[in-house]
Structures are given as structure tokens and as C-alpha cells.
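Worksheet for the structure shown next.
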Amino acid sequence: MLLPGVVLVFIFAYVPMAGAIIAFKKFRPSKGIWNSEWVGWENFRYVFTLPDTMQVIWNTLYISSMKIVTGLVVPIVVAIMLNEVRKLVFKRTVQTLVYLPHFLSWVIIGSILVDMLSPSGGIVNKIIVALGGSPIYFLGSNTWFPFTLVVSNIWKEFGYGTIVYLAAITAINPTLYEAARVDGAGRFRQIWHITLPGMLPVIVLMGVLSLGNVLNAGFEQVFVLYSPAVYDSGDVLDTFVYRLGFIDMQYDVSTAVGLFKSAVSFVLICVSYWLAYRYANYRIF
Amino acid sequence: MKLGRRTFDIVNYVLLSLMGVACLFPVLHLLAISFSGAAPVSAGEVVIWPKDFTLSAYRFTLQKAEFLTATSVSVLRVILGCSLNMLLTMLIAYPLSKESVLRFRTGYVWYFVFTMLFSGGMIPTYLVVKDLGLLDTIWALVLPGAVPIFNVVLMLNFFRGIPKELEEAAFMDGAGYVSALFRIYAPLSLPVLATTGLFTFVTHWNSWFDGLIYNNSMSHYPLSTYLQTLQVTLNLNNLTAEQVMTFIQVNQQNAKAAQIFLSLVPIIAVYPFLQRYLVQGMVIGGVKE
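What follows is the structure in C-alpha cells.
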């Protein structure tokens, strides 16, 4: 029963891992992966002499860490707000609306955003101008581009992110709230002393697990939104790998960068899972 | 105290309503553009209500050969991809849920889970797909992701919660493993099957990057990849001459909006079901022994 799955995973996951040895070779399509000559660490050395590389790594870390922090804080706040809603119909309606963007692809969101953020005639800039500001080129200025990425990412994922926290809140024993009310605690004190501590294990768990994403700045999102004008602030490791490989056709160098990223991410994920296991007793299987 | 609570409630309701509206607004904006005339759209006059109402964008879209071809590729991809994913998920999750029966169980689990932690990368995977001769075929979109490991873990945890006695009774009556899986486990796992099925559907329908790199010819693009090429004002450097030509032909904002909106219809159609199983599926996946 396992056989078909084992074979497919072998072909499409383990063979590429072996194929990643071209990172240590001078790849010539005519010779193929196995017969190209070894060059050791040469491709890595070459990449790290490129002036762009350090900038790309910095951009990746900058964008991903902002996404990680906002990706934790915003859903926690929204989950608490939703939990305070007493009208069930209202709560369900809001939930239905805020989960929706998670299921739209970045291609779709990207093209909507390009229209909405356009400096000439985009609705967002119309509002800015109406309020007396001057138009902002959100997708074309290095100052604004990372900010645009982070905000649009919040928009897409915050609703979906609340699910796990709402589940954590439901698990809190309701008698705690009753006791607090008897003791005269108001809404805010109940949130502060009961809801938040009750969510804490899940918050810690999510925080630890997000560590594995430090090198993931969101490939699809950046790919659909960026342009050469914002490479300085918006080019990230994955898009760099893509252009090195498919535009410049430097398969070996591209693989080297990809392998660097995979290796670092692997270590980070292992550390985060170990921490999650150690401190939150979390197991994936 | 009383006043504070009222203020809190009002602020809370207003903020949450704004968030809800913010999530829906772009879709309504898109819909309004798709039903509007070209002139008010390019003047930026359309917000959430169509101006110069017309169906011409939809008429144009439904006659466009590229759009229809891409849609048929996507439909085929979803049918092949989902059935393959679901079948493989069950076939893998079932034996892996048998702690005492399967030898080297932990080894197999790690064999699959390791691929979630480490990957060969974009180019080596591309070379494998290319060397197998899958470029420009539907299989390039279906086979590389045929085993969704996360779903396997989800289903595996669910299978573990099903009492062994049911299966043992079936074995007594002469059933084999295959019929135990499909006639006992599958019917008892409807919630998790629905969850993974819907997620697989959305993933296949939305995926576009594999369509972009594994196809040389635009006629093999699935819908989402095709839509990506429509908005290349930003990414002209990523495109072939053929793609640029197509872009120029369809650079009507309302036509673009109509095509995007049509591509959203299946997602919106399954969304109510998705939402129903969402929490259930996540909670199930989290249940451990």
C-alpha cells in the first residue's frame, strides 16, 4: 500500500535532493548532473562576492521578521476581540469575511492590489489625494515596498490566523470568568488575567514554530508584486534563486543559493520543533 | 464601569466590522470593475458599484480561446490532482497508523516527514521533471506534489482515533487491508476526508508557479498561471515575446477583472463548506495520543 507513495516521494523529493549536488559542480547541460565537473565551494564563493547577495539576505530577514511579528500579534488581538462579541450572528459573519482572503491566491490578490495601489487612478491614492496628501507609489518605491508586502500579508492571513487562538480561548474554563466577575474584575482585567494567560501556551507554540520561517519572506507574494525598481528593498532569497536559475540560466549558482537557504531553514526548523517539543510538549505525529 | 463596557463594545463592534469590510472590499471592487464600461474604469471612478453597466467584459472573456483553454487545463488538473492526492494520502496514512503491525513504521514516517523539512530546491526539482519528459504535460502539475505530507499527518492522526475492534471484526469476516481501509476507515473519516479534499482542491486551483516553470507553451498554462501573465506590467523582464503580445491584447482593466472574478467562482462556491470543516479539521489534526 505504501509503495506508490514511497516511489513518488523518492522521485520528486529525494532525487532532487541528490541533484542539489550541482551546487558543487560547474553544470553543463550537455554533460548532465552526474558528469559535470566538481568545483567544490566555488559557486558559493562566487555568490557571496556578488554585491546583491548580502542585500537580498538582509531584505529576506527584514521582511520575514516583520511578517512573523505581525503574524503573531494581529491574530491574537483579533481573536480576543472576536471572543468579546456576544452577538453570535455578528461574530460568525465577521469570521466568514476575514477567513476569505486566505483562500485567494497571490496572483489574484496581486492583480487587485496593482490596480488599487496604482499612483494614477488607484483607489487608495485617490483617498490619499482627497485627504490632501500626495500620491504614493507603493509598489515602485523602495521605502514603501516592504511595508506594502507586510500590510498585504496581514490582510491575507490575519483572519485565518485567529482560528487557532479562538480554539485556545474556547478551551479556557468558563468558571474562571465567573469567579473574576464575582471579584469585581471588568472586561479588560478579565482579558488580561484570564484570556491572555489561558492562550499563552498556544502563543508560545506558534511563536516558536514561526522561527522556521525566518528565511521565507513569501515567494509568491514578492514574485507577483515586485519589479526591477524595487529589487533593492524587495528582492528576497527565493526570487533571487528564481532569477539566477530561470532568467540567467545559471543552474549551478541558483542551486547553491537554494541549498544555502534549505540548509539554514532545516536547522532553524529542527531547533524550533525541538523547542516546541521541549517547552510545549508538541509533536507533529 | 457600565459606561466603560458600552464604549468597549461599540469600539469593538466598529473595528471588527471595518476588518470584515476590508476583507471583502477588494472582491467587490473587482466585481464592480468587471461590470463597468472601460472609460469610467480607467478614470478610476468605479468603487464598489458598476458604472456604465455592461456585460461586454464577460462576453469578451467567454469568447477568448486562451481563457477557455486555461480553464480546461485547470479543471483537468483539479480532477487528476485531487483524486491522486486523496488516494495516496489514504494509502499512506492507513499503514502508518498501525503502530504495532507495520515494521519500521517510524522509519517510514520520517521518510515522508523529512521532505517537509528539507528540499532539493527549485532547479534540481525542475531538472527531474524535465528529465522525465514531463514538461508541457499535465503530469508536471500533478505528480511532483502528488503526496501532500501535511494531509497525510492529519489523516494519520485521525485514523489512530478509530477503534481497532471495528477493523478486527472485519478481518474475522475475511476482509483484507484494502477493504478495511475503503469500507471501514474511509466512511468513518468523512470530516477529515472533506477537510483534506477541500484543501487539496483549493491548492490545485490556486497553484500557478509550477504552471509557469514547467510549461514552455502558454497553451498548457492552467488558469491561475494564465492570469499571472495578465498582470505583467510590473514583470516584463520575466516574460517571453509571446506573453507580452497577449498582455497587450487583453490590457483592458474590466476584461482582466472579469477573468479574475470568473476564476474565483469555484473558490467562492466551495467556501461555505471549507469554512464548516476548517476548525474541525485543524482540531482533528491536533489530536494526539
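Quick note, the sequences are listed as chains P and Z, same order. Counting from 26, one number per residue, gives the positions in the first sequence under our numbering. Counting from 10, one number per residue, gives the positions in the second sequence under our numbering. Where is the CB? At the ideal position from N, CA and C, for every residue including glycine.
Burial check for TRP299 (chain P): the Cβ neighbour count within 10 Å stays below 16, so the residue is exposed. Rounded to whole angstroms, the separation of the alpha carbons of PRO126 (chain P) and ALA264 (chain Z) is 22 Å. Counting the other Cβ atoms within 10 Å of the Cβ of GLN262 (chain Z) gives 16 or more, which makes it buried. Taking 8 Å as the cut-off between beta carbons, the residues of the region 124-136 of chain Z near chain P are THR124, LEU126, PHE127, SER128, GLY129, GLY130, MET131, ILE132, PRO133, THR134, TYR135, LEU136, in sequence order. Per DSSP, LYS73 (chain Z) lies in no alpha helix (DSSP H) segment and is marked neither H nor E.
The Cβ of LYS173 (chain Z) sits no closer than 9 Å to any Cβ of chain P. Of the candidates P:ILE36, P:TYR276, P:LEU86, the residue whose Cα lies closest to the Cα of SER55 (chain P) is P:TYR276.
In the structure shown, GLU177 (chain Z) falls within a helical segment according to DSSP collapsed to helix, strand and coil.
Residues of chain Z whose Cβ lies closer than 7 Å to the Cβ of LYS151 (chain P) are, in chain order, GLY53. Counting only runs of 4+ residues, the alpha helix (DSSP H) found wholly inside the region 194-221 of chain Z occupies 199-215, in chain order.
Comparing alpha-carbon positions, the option among Z:THR78, Z:CYS32, Z:GLY13 lying closest to THR118 (chain P) turns out to be Z:CYS32. Taking the Cα positions, ILE222 (chain Z) is about 54 Å away from ARG214 (chain P). Contact of TYR117 (chain Z) with chain P by beta-carbon distance below 8 Å involves LEU27, VAL31. Between the alpha carbons of GLY184 (chain P) and LEU207 (chain Z) lies a gap of roughly 18 Å. Along the region 24-43 of chain Z, going in chain order, the ones with a CB nearer than 8 Å to a CB of chain P are LEU24, LEU25, SER26, MET28, GLY29, VAL30, ALA31, CYS32, LEU33, PRO35, VAL36, HIS38, LEU39, ILE42. In the three-state scheme derived from DSSP, where H, G and I count as helix and E and B as strand, LYS112 (chain P) is classed as coil.
Chain order gives the chain Z residues near PHE128 (chain P) as VAL211, ILE276, TYR280, LEU283, where near means a beta carbon separation below 7 Å. Between the region 147-162 of chain Z and the region 116-129 of chain Z there are three or more C-beta pairs closer than 8 Å, enough to call the two in contact. From the beta-carbon of GLY184 (chain P), the residues of chain Z found nearer than 7 Å are CYS32. At least 9 Å separates the CB of MET224 (chain P) from every CB of chain Z. Bounds of the alpha helix (DSSP H) holding ALA43 (chain P) are 40-44. Around the C-beta of ILE161 (chain P), 16 or more other C-beta atoms lie within 10 Å, and the residue is accordingly described as buried. Fully contained in the region 20-91 of chain Z are the following alpha helix (DSSP H) runs of length 4 or more, in chain order: 47-51, 65-72. For the 9 Å CB-CB criterion, ASN178 (chain P) and THR95 (chain P) form a contact.
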